[in-house]
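What follows is one structure encoded as structure tokens, with my remarks underneath.
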Amino acid sequence: MGILTDETQRNRLISLLVKYCNKLCALLYVVGLIGFLAQAYQPLNAGTYFSENALLPGLVETELPNTLLSALTYRSELEEAMKKELSSSPNKWVYEKFKNIGLETYAQNFSVIYPFRSFNKKVVSGENVYAILRARRAASTEALVLSVPLRPLNDKDNTGTGGGIALALGLAQEFKRKPYWSKDIIFLFTEFDHLGAMAWLDSYHQTESKFIVGNDLEARSGPIIAALNLELPLNNVKYFNVKVEGLNGQLPNLDLVNLVVRLCRRERAQVRLHNCLEDKSYIYSENGDSFDDYKKALTTMLKMMWHQASGTPTGNHGWFQKFHIESVTLEGVVKKRSYTIDINTTARIIEGVFRSLNNLLERFHQSFFFYLLPSTSRYKYSLTWYGITLWVSANESSKEVKSEGNEEKSEKVASAEGQGDEQSSTEEKTKEKTEEENIETAECIPEVSQDVNVIKKETVTDDAVEESLAGKGLISIVPVMLVAMMLGWMASQGPELLTHIMPNFRIQTEDMLLFSLLAIFMSALAYPKLMKNKGSSNILSLDWQLLKSVALILQTLTFASLALFNISLSFFLTAVMVPVTVVVRPSANKCFRWLQMFALLLISPLSLMYIVGLISSWPKSSAFELFLSAYDSCKLLIYLGVTDTHLFNAWTETVMTACIFPVWLLFWALPWIDVPSP
Amino acid sequence: MNNTGKWNSLYRVITPSSHFRKLFRDSLLNESFTMAAYCCMNVKSFLLSLILLFTPSSAVGRDEFTEELMIKPLSGGFVYSHFQFTTKWNASIHDSKTFTHFHLFPKSLGEVLKQYGVQELHLSQTQGLWRHKLWGYPVHDAPPGAELWVWFKPSVKDVNSAWTDLVNAVSGLFCSSLNFLDSKSTVIPRRNFQPLGVTSGPVPRYSVRYGALPKEIVCTENLTPWKKLLPCDSKAGLSTLFNAFLFHDANYHSLGLHIRPVCADESCTEEAIELTQSLSVVTDVISTSLIGSPNWQLKSLFGNHLASYCPLATKSLIMVDITSNKNDTLFKLTPEPSITHTVFRGQQEHSYATYDVRSMLQSGRAINVGLTYSNNQKLIEATPPPIHAHRFITGHGLEDGGVSCLISNTMPTNQTISYMDVLPWFTRVKFSSLQVTNNGVNVPYKTFYLPAKDRVRPHQLELTFTLWAKSVTKVHFTFTRAFLKWTEYPPDAHHGFHIGAASITANIPSSLEYTAPGQTSSQLSSIFTKKPSDDNPRFFLRIHTETLLVSLPTPDFSMPYNVICLTCTVVAIAFGSIHNLTTRRFIQLDPLKKKGLLSKLKALVAKLRGGQPETKPTSETQQDSVSDKKTEDLVDEGEERS
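Heads up: the sequence lines are chains A and B, in that order. My numbering puts the first sequence at residues 10 to 687. My numbering puts the second sequence at residues 3 to 644.
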């Protein structure tokens, strides 16, 4: 194609791009950001709909009695049983009740081995209870799960789930009599919320886990198609929250979310996303385009993105998603002295959900898996918005690469004056190469480096420029990259290693982790200083343009691939990191250099964590208190991140330490490079 | 005489049904046909056959039909009802003249047997899963879906084609999709599925075929042709209790048909053909009853009480397994049984309350056997049977997976079993991953493994190993999921693909929860007659595990995807040419201007060949590229000629 296309025309375009590179960068960034956030504006998103026709939501007549007496009895019995033993979960009680109903009931013991050596943590062991309602006409080839976490009554951090347990029992009794089930229904009660759920799921699929060890299950059903997790307190449910965010930012199929929301609406039960009240007008696209509506929708969307970005599930449903089981949590929110949703309404909703799921002939595959919800019934297909994040970052970096290339060229031209025709043809070739880079922004690391190599070789053949290029070439930046990668690896592996190697200080594991990460971070901060070439008088002599190009390409790659599985995380990181990383460059001006360093420090993974802690503990009376509690929550965040990586194979911590951190370190080296003042 | 009494009773039962008059006439016709055949042979026998004509019972002495119903109350309020209709035909299956005259044996089936040289045939069509751990063992164990295994006679040369034809014939006979049993789902079992009937000497190893369709759905359309094979159809006898509505509402429902050669008598000098038709139903009495009571009667189980018996049957029997009713404390039967048999099978004692339907009906009452628990809260407790298994898919994701089978042995003795697993070719089994472990310790095993060929034959794995006393042994192997061609996916591609049940065969020393009769006769009442060989018996056991459902990597078959594919193709095709056309620049060249060396040379060659050079083109395309002087040489030759 090369010889068929008009070079001069394309060159014109490129020179134009190079000329306005900086302005374009800024424009694209702003446009991207605004474009993304504008998605919450009602005319720009779409109403949800059912893709899977087999669900037939709400078409079935409820077959439950008007008042589900059994559930009410179970509720009062449970309340009594739990009051007797305040600090223990009602496993035994649940087991006995299910046995009495006549279902196959089993218990599973599990223990959690603490991933770090520590002095004050013992092995946690718990017991899951599960009962299988065998579908009459099926051969146990498929299953649905209704899961309820078991919590003791005096659990301060979490609301009770007694309502869910009573409902599950009442519904099990009703469901057992129905002939129409085509899938087994597993009633699962997990102790210690996620630990129990994970232990059970691991045993169900017989996947080995190093830290959560569950006993083998006595009985199973077939592959689980969908799961509904209930977090319903005993009384006074004001409205429901539907929780969707799962492990590593995974989301359930939108059809399942729609199903739950639709059935709640049908029963006139209020359903919300992250406690955000929504207007009817916004939902039903009547005059939903006012600014107030937009603000509400944006808050909802950002809240959802915030939780998704964290990569930790908002409820027990998240662990199912790891096993390709579509699942949501229905959480009941308590508010006293107001209209409450009674247990019969909730029972009808759950019956509706299960009967719809029962209609399914295939696994969920029709609707979206990548979406953002500005409200319970409006959605935005998030894959289309890869564009924005991807292009913002990609363009930034490609422009930068180009401008570097350009500068290089001009440098070269300046140094090799009078070389005449040959030089200009080389220049043309370099231009071609940069163009190619532009075309394939995302997947061209090796190519780019090759190209750059070519450039270098060509330049090197020019005998006139040899001495000024002493510190140039890909070789010159290899040590920096290697060190950055090494430090990234250390940050991801270090804490665990350290906790094993270190003498047994009597400090909390949380502190230990934070301090070890801090130590690695501090030593990483000093690496440009340490790497300074001894020979050339404290000048970190390397090709900074090349380093920055590589760093930008790496950053783009990281964010782009991150966007594929967790768009929210990718969005937040892009929005925060890109403005700084694009601007940063070596400077002779000391003031500007310090400013850059400060900005870089601000967007370093560790300070990002602190900022997250700050945001999550925002409303505090005094600034000092805020900073203190931010420190605490930051510590907890890191601790949870690291333990989640070990226990549940969560990726957030690994992404931050092994991907974002080394990339950031590459940028960190930039201001340390000395350039001769003009 | 005895005969006249028989006839009287026959008429008494038959008269209401015109069908039976027809049936009776048929049988008479059949006999006159027989007579005609005989009279051709010699005149003396004519007289004999004349006598035969008037004494039908002696003429049909070669066929014997029994109808039996065994009811076994199970744990948790479940009830297992097993109807069994056995036709024993004192004729050799190997004799080619056998299948020329039919009496009680169904002709349609006999012709199939004859045509394809079948020695033994076992067919089961099942809905639901038999749960061994809770329900013990059924009389005939069957996996969910359809299963067919056949031994062909040694004389059949091309077994493969005989099998293909047979499955088509049988699928037509029973309205099922057995014709899908092609080479991809058929295996030749090497150790399992040995002949169940008598054989004259060793049988060729390759005359057996086994195939299963785990996805086959069993419905009334299968019941109708099946019950038409019964001598009394469902017009009289136990088959009047067939209520398709209630059967298909049950937790387990299995139709079986078994044909095998057996000994005609104790001495075993002559062969007989035994046809066993069975129908098993497990009903959840508590869930189906309105008030949630575990008590049942025939009327609540089958919607009707029993008012007739099949007049062609030599024996009509209802037996209730009351083994679990120790000291009559748990439940009570109504009406009182005719006889209560208590037999020792091995070490275990079994009790059966039997009702002789014929004599009870002759005394003029409709039969409605019922069971009442003395305490509705205190039901039968589940006793795990000696060997039971649980098989499941392990792992998650669409790349790899595994199959685990946990086989429990609750007996205090070691037990050798044979395990057979057939997996479709698209689950690519890694044989190296095969492990048989017991509590983490490797168990030695003998294996036969035939790897699959893509789209030709399935994986076949047969293992023989010992289950240690009172322990659980785990068989585990992993597989990789294949990516199918897009036309190979079924319409419901995202539903997943079914894998047939594994089967476990053993000869166990315990008859705990064991219901099947011995090897010599399939009649349930043969349990009561104690044989001298029964002192230290082994009980033949074959159980099937769960069927599995695996999802394979599936392309997105939705419309947007198709549109994207189509658009991309169109764009790719259109783009190249349009781009080429639009980015080329057409420049007019002056032909008189100095030409390149190559075109000059060409012109010279043309001149030498044809004398006169062709007229020069007026315009030439020039490929637009780096402005190089040599581009003029790139002028297309063909263009020049035109």
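The beta-carbon is built from N, C-alpha and C at its ideal position, and this holds for glycine as well. As the structure is a computational prediction, the values presented were derived from the model and not from experiment.
Whole-angstrom distance between residue j and residue i, CA atom to CA atom
{"i": "B:Leu335", "j": "A:Thr323", "result": "57 Å"}
{"i": "A:Leu573", "j": "A:Lys312", "result": "20 Å"}
{"i": "B:Tyr451", "j": "B:Leu465", "result": "8 Å"}
{"i": "B:Thr68", "j": "B:Lys476", "result": "42 Å"}
{"i": "A:Tyr189", "j": "A:Val269", "result": "21 Å"}
{"i": "A:Ile620", "j": "A:Leu604", "result": "19 Å"}
{"i": "A:Leu675", "j": "B:Gly578", "result": "41 Å"}
{"i": "A:Leu65", "j": "A:Asn267", "result": "12 Å"}
{"i": "A:Tyr29", "j": "B:Thr571", "result": "36 Å"}
{"i": "B:Ser179", "j": "B:Thr547", "result": "22 Å"}
{"i": "A:Thr666", "j": "A:Ser577", "result": "18 Å"}
{"i": "B:Ile261", "j": "B:Gln117", "result": "15 Å"}
{"i": "A:Ile352", "j": "A:Ile647", "result": "39 Å"}
{"i": "A:Leu527", "j": "A:Phe377", "result": "40 Å"}
{"i": "B:Ser126", "j": "B:Pro216", "result": "11 Å"}
{"i": "A:Val342", "j": "A:Phe581", "result": "29 Å"}
{"i": "A:Ser156", "j": "A:Ile358", "result": "15 Å"}
Chain B within 7 Å of residue i, Cβ atoms only
{"i": "A:Pro188", "result": "yes"}
{"i": "A:Asn447", "result": "The pLDDT assigned to A:Asn447 is 35, lower than 50, so where the model puts this residue is not dependable; a value taken from the coordinates is nonetheless given after this. Cβ-Cβ to chain B under 7 Å: no for A:Asn447."}
{"i": "A:Thr349", "result": "no"}
{"i": "A:Ser149", "result": "yes"}
{"i": "A:Phe332", "result": "yes"}
{"i": "A:Leu370", "result": "yes"}
{"i": "A:Lys185", "result": "yes"}
{"i": "A:Gly231", "result": "yes"}
{"i": "A:Gln215", "result": "yes"}
Counted within 10 angstroms of its Cβ, other Cβ atoms place residue i as buried (16 or more) or exposed
{"i": "A:Glu89", "result": "exposed"}
{"i": "B:His581", "result": "exposed"}
{"i": "A:Asn250", "result": "buried"}
{"i": "A:Val147", "result": "Inspection of the sequence shows that residue 147 of chain A is occupied by Ala rather than by Val. So A:Ala147 counts as buried."}
{"i": "B:Cys270", "result": "exposed"}
{"i": "B:Trp488", "result": "exposed"}
{"i": "B:Asp456", "result": "exposed"}
{"i": "B:Ser225", "result": "The sequence shown places Leu at residue 225 of chain B, not Ser. Answer is buried; the Cβ neighbour count reaches 16."}
{"i": "B:Asp267", "result": "exposed"}
Any C-beta of chain A under 7 Å from that of residue i
{"i": "B:Ser406", "result": "yes"}
{"i": "B:Glu634", "result": "Caution applies to B:Glu634, whose pLDDT of 42 falls short of 50 and renders its modelled position unreliable; the model cannot decide the point."}
{"i": "B:Phe249", "result": "no"}
{"i": "B:Pro146", "result": "yes"}
{"i": "B:His496", "result": "yes"}
{"i": "B:His398", "result": "yes"}
{"i": "B:Thr569", "result": "no"}
{"i": "B:Asn411", "result": "no"}
Close beta carbons around residue i, own chain, < 8 Å, minus the five adjacent residues each side
{"i": "A:Arg387", "result": "Gln51, Asn54, Ala55, Gly56, Thr57, Tyr291, Ile292, Ala306"}
{"i": "B:Thr331", "result": "Ser376"}
{"i": "B:Pro387", "result": "His134, Lys135, Gly138, Tyr139, Thr412, Leu514, Glu515, Tyr516"}
Beta-carbon proximity list for residue i, same chain, < 6 Å, skipping 5 on both sides
{"i": "A:His283", "result": "Lys312"}
{"i": "A:Ser98", "result": "Leu159, Pro161, Glu200"}
Within chain C, partners of residue i - CB distance below 8 Å
{"i": "B:Ile288", "result": "The structure shown contains no chain C; its protein chains are A and B."}
Cβ neighbours of residue i in the same chain (closer than 7 Å, five flanking residues each side left out)
{"i": "A:Gly169", "result": "Arg160, Leu162, Pro242, Leu243"}
Check: residue i C-beta below 6 Å from any heavy atom of the ligand SAM
{"i": "A:Thr216", "result": "Judged by which ligands are present, the structure shown has none, so any question about the ligand SAM falls away."}
Completely contained alpha helix (DSSP H) runs for the region 334 to 400 of chain A, where each covers 4 or more residues
If you keep only unbroken alpha helix (DSSP H) runs of at least 4 residues inside the region 334 to 400 of chain A, you get 352 to 368.
As an exercise, report each continuous beta strand (DSSP E) stretch of at least 3 residues that is fully enclosed by the region 111 to 161 of chain B, in chain order.
120 to 129, 147 to 154
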